[in-house]
Every structure is written in C-alpha cells, then in structure tokens.
Amino acid sequence: MLRNNSDSWGTPAKLFHWVMALLIFAQIALGLVAVSWRLSPTKLDLYVWHKSTGMLILTLLALRLLWRLSNRVPQLPPEMAAWERLGAHLSHFLLYALMIALPATGWVISSASNVPFKIFWTIPLPPITPPDKAVADLFATIHGWLVTLLALVLAAHVGAALRHHYVKRDAVLSRMLPWRTS
Amino acid sequence: MKQILFLLALCALALPALAADWKMDPGGSKLEFIATFEKNPAPGVFKEFDARLRFDPDKPAGGSLDVTIKVTSADMNIPDVNKEIRNKDWFDYAGFPQAEFHSTDLRRVEGNRYVARGTLSLKGAKRPVEVPFTWTAVGDGAAIEGELTLKRGDFGIGLGEWKATDTIGADVKVKFRVKLKKG
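Going down the list, the protein sequences come from chains E and Y.
Using the numbering used here, you'd call the opening residue of the first sequence number 5 and step up by one each time.
Using the numbering used here, you'd call the opening residue of the second sequence number 799 and step up by one each time.
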C-alpha cells in the first residue's frame, strides 16, 4: 500500500517515520557525544557527522511534509477524549516544528561560529548568518533547550503509542508498524 | 688622489648593478596561510610580519630577502581556533614566537617571475624552501606577490593525534603580497 487511507499509513509514510526515528535518536546521541568529547580530530569528525545528519533530517522532513500534505491522514480512534486528541495534535505539531527548529538553529550555530562545513565532506553548506560569537553562543543555548523539549515530547509520543497499544488496545501503534499491512 | 679617482670610477661603474634596498610598507602587505579543515579551506593571516629585500630586478643574483614573522599574530577568524593554535601542538607561541625566512639566492625564472631559495625557520625547524614571486614596479615603489605550499608536518605544526592529516590536511598554502618602498 503506497498511499495512506483513513485507517492506516502507506509504506512511504511508515518509511519516513521509522527511518527518521532512527536518525533522530542517532542524532541526539551524536550531538551529546560531540559536545562532551575532548578537542581532538575525533571531536571534529563527530561534529561533521552530527551536522550532516541534521541536514539529512531536514531534507527528509521536507519530503515527508510534502508527502503528508498530499495524502489523507488516518483518523484517530473515535473513542478518544478531547484532551487526548488535543495532546496528539499538539505533540505531532511540536515534533514537526522541532524537526525544523533543531537543524535550523544548528545551521545558525555553525554559520555564526564561522566554521567551514561540507555535508558528509562533500556538499558545501553556505552560512545563513554572519560570523558572530555572541549569536553562536545564544543559539547553542537555544539548541540545547530545544533538544531537551524534543526529549520530553518524544517520551510523551512513545508513551502515548504504548498506551494506545497495551492499555487502550487500539490500532494507533500497530498501523504504523512496518510489518503490518492492514 | 689617483687611487681615490680610481675608486670613484669603480663605484660609478658598479652603481647600475647595485641592488636597491627595499622596505616593506605594512599597509599594503598581507601574509596569508590557508590550511584545510574537514576538506574545507581554513584561511588565516599573520597580522604582523616584516620583509626586507635587496634586489635588482635586472640582476637578481647578489640580492637577498629577509622576512620575520610574528607567529603570535596569527588570526584564523574563529575564536576557538585562535585559542587552540597557540598551544604546543600547533604554533607553540610561548616556545617559538617568531619565524624567519632568509634567502641570498635570488634568481629570475622568466620575465617578472623570480624565485628566492632560502631557509625557513618555523617552530624550531629549519627547512630549505623555495619562494616564487612576481615583481611589479609601482611608481617609485614595487610589489612582490607569490604563493607556495608547505607541509605542516615538516615543521611539527600539529603534533600527537593532530599529525593525522584526514581532519586537518597536510598541505598549507602560503600567499603573500608585499608592498615595497625604497629605504
């Protein structure tokens, strides 16, 4: 099944979800390891991996949003309460917003630090802000808060998915699983 | 008297071949070095340096070029990098604040292109280096310009784990433009 329908997600939507889920967890780990590593060639390489993965996530997100907007979105189970619906929509909105805001603020840090960067050592990424240490420091702080927020929203997202599956016993999680075709 | 006349005549004969002494005009001069960082150019400058040249463009032999570089004036435009390059692994500001290049072997390659063969002393290492340059007369002054590529490893720039050249490349391009006035 390629396209989404009112009951379930199509293969492209599932692929976007799980590939990006994997990339985002790897990305958080890479970022944490990169900042805490002592200055060495390894640290510089970790930053190239982290920045490159960020740009990959941003690119995938653009395609994913196009796909989502050109598809219907499966309905939430009708028995869900209003606050549950609100929570679902709010957390999904936040996840999309953070998938844009984190790479964007990272791009600003990289630009303002005046560090030249090629995505995966190949494609040069142009700076989006002029060199400015104060701006770099400010955005590094914002980037840190945003990733904290992301961790909280991810915890809610995973927790809610498990609650749907094991407590409410509906199809919200199973219809996103890659091996289910229903 | 005869001897003095003879000496004067000798001087007059020798005069056209006497190389002029040239001093650097810091305002119009620039000394850049371009390292590579994760396959990107990472440019820097030495803000303070001085060049003295004894040179006759028509007869470069017998001339000399002396350059002193205040290594501690290096600026790579990134605060974190500037903080790092002062350390022992890199330029070692404390141990080797100054670099020098001396040449007494100046030759014409072709037209206005010349080469100065000499010794570069940098971070305690002395290496033979060829500095190619072009000579351009500007009014009653002149300008020399050129570029060359050095291996940072030859001078111990980047020690320990920084010796590996996949993150910070082995080659460093050096570019200079020196404005000269007679002096």
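Just so it is clear, CB atoms sit at the ideal spot from N, CA and C, and this is done for glycine as well.
CB residue i to CB residue j, shorter than 8 angstroms?
i	j	result
Y/L863	Y/F844	no
Y/V869	Y/F899	no
E/S56	E/I123	yes
Y/A818	Y/K977	no
Y/L920	Y/F974	no
Y/W820	Y/F847	no
E/H54	E/L106	no
E/Q79	E/S12	no
E/V151	E/I132	no
Y/T917	Y/K924	yes
Y/F889	Y/A872	yes
Y/D878	Y/W960	no
Y/K837	E/W125	yes
E/P120	Y/F835	yes
E/V52	E/N8	no
E/L190	E/L153	Outside the shown range of chain E (5 to 186) lies residue 190 of chain E, about which nothing can therefore be said.
Using the Cα positions of residue i and residue j, report the straight-line distance between them to the nearest angstrom.
i	j	result
E/L156	Y/Y891	46 angstroms
E/I28	E/P134	28 angstroms
E/L158	E/M5	27 angstroms
Y/L904	Y/K857	9 angstroms
E/H161	Y/P839	42 angstroms
E/K172	E/A144	40 angstroms
E/L69	E/A38	29 angstroms
E/H169	E/G163	10 angstroms
Y/L811	Y/N880	At Y/L811 the pLDDT is 49, less than 50, meaning the model places this residue with poor confidence and gives no usable figure here.
Y/V970	Y/A897	16 angstroms
E/R42	Y/L957	16 angstroms
E/I127	E/A108	17 angstroms
Y/M822	Y/L851	8 angstroms
E/M84	E/A175	12 angstroms
E/A92	E/L36	28 angstroms
Y/E882	Y/I955	12 angstroms
Y/P841	Y/S827	16 angstroms
Y/L948	E/L65	44 angstroms
Y/V907	Y/P855	11 angstroms
E/Y100	E/E88	18 angstroms
Y/L866	E/Q31	Correcting the residue identity first, residue 866 of chain Y is Thr in this sequence and not Leu. Taking the straight line joining both Cα atoms gives about 47 angstroms.
E/A165	E/G14	18 angstroms
Y/I876	Y/P824	23 angstroms
Classify residue i as helix, strand or coil using the three-state DSSP reduction.
i	result
Y/Y912	strand
E/D174	coil
Y/P926	strand
E/V77	coil
Y/D854	coil
Y/E882	helix
E/V119	coil
Y/R946	In the sequence under discussion, the amino acid at residue 946 of chain Y is Leu, which differs from the Arg named in the question. DSSP places Y/L946 in strand when its eight states are reduced to three.
Y/G939	strand
E/R179	helix
E/E83	coil
Y/I889	Sequence inspection shows Phe at residue 889 of chain Y; the Ile mentioned does not correspond to that position. Of the three classes helix, strand and coil, the one that applies to Y/F889 here is coil, per DSSP.
Y/K973	strand
E/G14	coil
Y/L978	strand
E/D136	coil
E/S186	Here E/S186 scores only 49 on pLDDT, less than 50, and its place in the model should not be relied on; the value that follows carries that caveat. Of the three classes helix, strand and coil, the one that applies to E/S186 here is coil, per DSSP.
E/W41	coil
E/D49	helix
Y/W820	strand
E/T126	coil
Y/D964	coil
Y/E898	strand
E/R68	helix
Applying a beta-carbon distance threshold of less than 7 angstroms, which residues of chain B neighbour residue i?
i	result
E/S44	The question asks about chain B, but that chain is absent: this structure's protein chains are E and Y.
Check distances from the C-beta atoms of the stretch 825 to 843 of chain Y to those of chain E and list, in chain order, the residues that come in under 8 angstroms.
Cβ contacts with chain E: F835, E836, K837, N838, P839, A840.
Using 8 angstroms as the threshold, is the stretch 941 to 957 of chain Y in touch with the stretch 904 to 921 of chain Y, meaning 3 or more CB pairs across them?
The answer is yes - the stretch 904 to 921 of chain Y touches the stretch 941 to 957 of chain Y, with three or more Cβ pairs under 8 angstroms.
Between the stretch 10 to 21 of chain E and the stretch 166 to 184 of chain E, do three or more beta carbon pairs fall short of 8 angstroms?
Contact between the stretch 10 to 21 of chain E and the stretch 166 to 184 of chain E is present: three or more C-beta pairs spanning the two stretches fall below 8 angstroms.
What residues in the stretch 108 to 123 of chain E have a beta carbon less than 7 angstroms from any beta carbon of chain Y?
Along the stretch 108 to 123 of chain E, the positions whose C-beta sits under 7 angstroms from a C-beta of chain Y are S117, N118, V119, P120, F121, K122, read in chain order.
Determine, using beta-carbon pairs with one atom in the stretch 60 to 78 of chain E and one in the stretch 23 to 32 of chain E, whether at least three such pairs fall under 8 angstroms.
Between the stretch 60 to 78 of chain E and the stretch 23 to 32 of chain E there are three or more C-beta pairs closer than 8 angstroms, enough to call the two in contact.
Does the contact criterion of 3 or more C-beta pairs under 8 angstroms hold for the stretch 964 to 974 of chain Y versus the stretch 34 to 52 of chain E?
With the cut-off at 8 angstroms, the stretch 964 to 974 of chain Y and the stretch 34 to 52 of chain E touch.
Do the stretch 111 to 118 of chain E and the stretch 137 to 152 of chain E meet, that is, are 3 or more Cβ pairs less than 8 angstroms apart?
Verdict: yes, contact present.
Under 8 angstroms (Cβ pairs) to chain Y, residues found in the stretch 162 to 177 of chain E
Flagged: no residues at all.
Contact residues within the stretch 126 to 138 of chain E, judged by C-beta distance below 9 angstroms to chain Y
Per Cβ criterion, the list reads T126, P128, P135, K137.
Check each residue of the stretch 47 to 63 of chain E: if its Cβ is closer than 8 angstroms to any Cβ of chain Y, include it; give the result in chain order.
Contacts with chain Y (Cβ-Cβ distance below 8 angstroms) from the stretch 47 to 63 of chain E involve L48, D49, V52, listed in chain order.
Return the residues of the stretch 859 to 878 of chain Y that lie within a Cβ-Cβ distance of less than 7 angstroms from chain E, sorted by chain order.
Those would be N875, I876, P877, in chain order.
Against chain E, which members of the stretch 950 to 980 of chain Y pass a CB distance test of less than 8 angstroms?
Within the stretch 950 to 980 of chain Y, the residues whose Cβ lies closer than 8 angstroms to some Cβ of chain E are E959, W960, A962, D964, T965, I966, listed in chain order.
Determine which residues of the stretch 894 to 907 of chain Y have a Cβ less than 8 angstroms from any Cβ of chain E, and write them out in chain order.
Within the stretch 894 to 907 of chain Y, no residue qualifies.
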